[in-house]
Amino acid sequence: MKYYLYAMGAILCWASLPAATGSGLTELSTEELMFFSFSSAAVFLYAQDVLLTRSFTVYIPNLKAILLGVWGIFIYHYIYYMALGRAPLAEGAILATTWSFWIVVFSSIILFRKLKISIVITAFAGMIGVGIVIASGKDLSFSGDYMQGYQLALACGLIWSSFSVALGHVRIPREPMTFFTIIAALLSALLYVLTMPHGVPSPKAIRAAVYLGCVPLGLSFFLWNRAVTRGNMVIIGFLSYLTPPLSVLLVALIHGTTVTSQVLLGMAIIIMASIGGRFALSHSGRRKKPLR
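In mature numbering (1 follows the signal peptide of the UniProt record, and there is no 0), the protein residues as written are -19 to -1, 1 to 273.
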């Protein structure tokens, strides 16, 4: 059970971003956002490591794990930020969050050595719920003018899902996220230098980027790694569908906005899909590893 609490902690970190930062990140370019957020994330995780381990040494995993970290931490976020800059926010977010669907599908194939139709159906239902939440109050179009952004967003779903599933199957004896994030920060710094000159961001933008780095990146990476390396990834995939509705609810709670009936409908579909997926998982055949 504790591994799913770690997953929910990471999900809450991601969901907190709109409520905490508002529009503070909009003035930053992709390169600026990568630099300021990953620098903050690296400092946060290193400080956390020092406090937890009482050591100033950073664990360096093997090359295979490092390449996996570059793939899932640096490349994913760079493509994600580019996608949302090249597509309307709602449409891009819907396509990017397909990673939840792919986590469920990939994990169920690994678990059962075949594609379980019942799990795919419930995963697709959860994706519909996510789409309903994100599309609330918006006029979706999916215009061909933004095809590049849509393709990048879909790629994000495959990158994060493959990274998350692989983390649970690559043997890494110690916590690797601090080193992964330091590498991402160094690559982001190089990217920042290569794309200079940049303007001076406002204090609001800096605060938003630091929050992004410390919580939706740094803390969430730590919690997500704890979840995916020990928990059942099919269940974690279903839990991750809750990110968009929780984001809307946090904005409503903190900023006093209205939660529409469309959001509540989407959340209800997600919850029912998650329960259905858990039921399908429990009543399926041979498991690769026991549920916790």
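C-beta atoms are modelled at their ideal positions from N, C-alpha and C, and glycine is treated no differently.
Nearest-angstrom Cβ-Cβ length linking residue i and residue j, presumed shorter than 8 Å
i                 : j                : result
phenylalanine 144 : tryptophan 52    : 6 Å
alanine 134       : alanine 46       : So it is not a contact: roughly 27 Å between Cβ atoms.
glycine 247       : alanine 22       : About 30 Å separates the two Cβ atoms, so there is no contact after all.
glycine 194       : phenylalanine 17 : 7 Å
isoleucine 60     : cysteine 137     : 6 Å
leucine 148       : valine 209       : 5 Å
isoleucine 100    : leucine 245      : Not really, about 25 Å apart at Cβ, beyond 8 Å.
Buried or exposed (CB count within 10 angstroms, at least 16 for buried), residue i
i              : result
isoleucine 98  : exposed
threonine 162  : buried
aspartate 126  : exposed
glycine 118    : exposed
serine 183     : exposed
glycine 50     : buried
leucine 48     : exposed
alanine 249    : exposed
methionine 128 : exposed
leucine 96     : exposed
valine 181     : exposed
threonine 103  : buried
glycine 237    : exposed
isoleucine 256 : exposed
Residue i versus the options, residue with shortest Cα-Cα distance
i              : options                          : result
serine 226     : Ile102, Trp(-6), Tyr61           : Looking at the sequence provided, one finds proline at residue 226 rather than serine. The candidate whose alpha carbon is nearest that of proline 226 is Trp(-6).
residue 275    : Ala(-10), Gly66, Leu92, Tyr(-14) : The chain is shown from -19 up to 273; residue 275 falls before or after that span and cannot be answered.
methionine -12 : Thr241, Arg207, Cys195           : Arg207
methionine 15  : Tyr57, Ala1, Leu49, Thr210       : Tyr57
leucine 6      : Val191, Thr78, Leu167, Ile41     : Val191
histidine 179  : Thr2, Ser10, Ser4                : Ser10
alanine 186    : Ala147, Met(-19), Ala1           : Ala1
leucine 175    : Glu13, Tyr(-14), Met(-19)        : Glu13
alanine 71     : Ser169, Phe219, Phe25, Gly112    : Gly112
threonine 159  : Pro(-2), Leu(-15), Thr34         : Thr34
leucine -15    : Gly130, Val101, Leu204, Met253   : Leu204
asparagine 213 : Gly3, Ala77, Phe93, Pro(-2)      : Phe93
serine 142     : Ile153, Leu171, Ser89            : Ser89
Residue i versus residue j: straight-line alpha-carbon distance, rounded
i             : j                 : result
threonine 224 : glycine 107       : 11 Å
serine 201    : alanine -10       : 4 Å
serine 81     : phenylalanine 37  : 35 Å
leucine 234   : leucine 44        : 44 Å
leucine 32    : tyrosine -17      : 22 Å
glutamine 132 : isoleucine 109    : 19 Å
alanine 166   : glutamine 243     : 38 Å
tryptophan 83 : tyrosine 222      : 11 Å
arginine 268  : isoleucine 41     : For arginine 268, the predicted structure reports a pLDDT of 48, less than 50, and the residue's modelled location is therefore unreliable. The matter cannot be settled from this model.
valine 114    : phenylalanine 105 : 14 Å
valine 215    : valine 85         : 5 Å
arginine 259  : leucine 231       : 26 Å
threonine 241 : arginine 155      : 44 Å
tyrosine 19   : serine -4         : Residue 19 is actually phenylalanine in this sequence, not tyrosine. The alpha-carbon atoms of phenylalanine 19 and serine -4 are separated by roughly 17 Å.
glutamine 29  : phenylalanine 219 : 29 Å
arginine 273  : methionine 63     : Residue confidence for arginine 273 is low, a pLDDT of 45 falling below 50, so the modelled location carries little weight; the figure read from the coordinates is stated next. Approximately 37 Å between the Cα atoms of the pair.
residue 275   : glycine 73        : Residue 275 falls outside the range modelled here, since the chain spans only -19 to 273, and no answer is possible.
Residue i Cβ short of 7 Å to the ligand ZN heavy atom set
i              : result
asparagine 206 : Here there are no bound small molecules, and the ligand ZN is not part of this structure.
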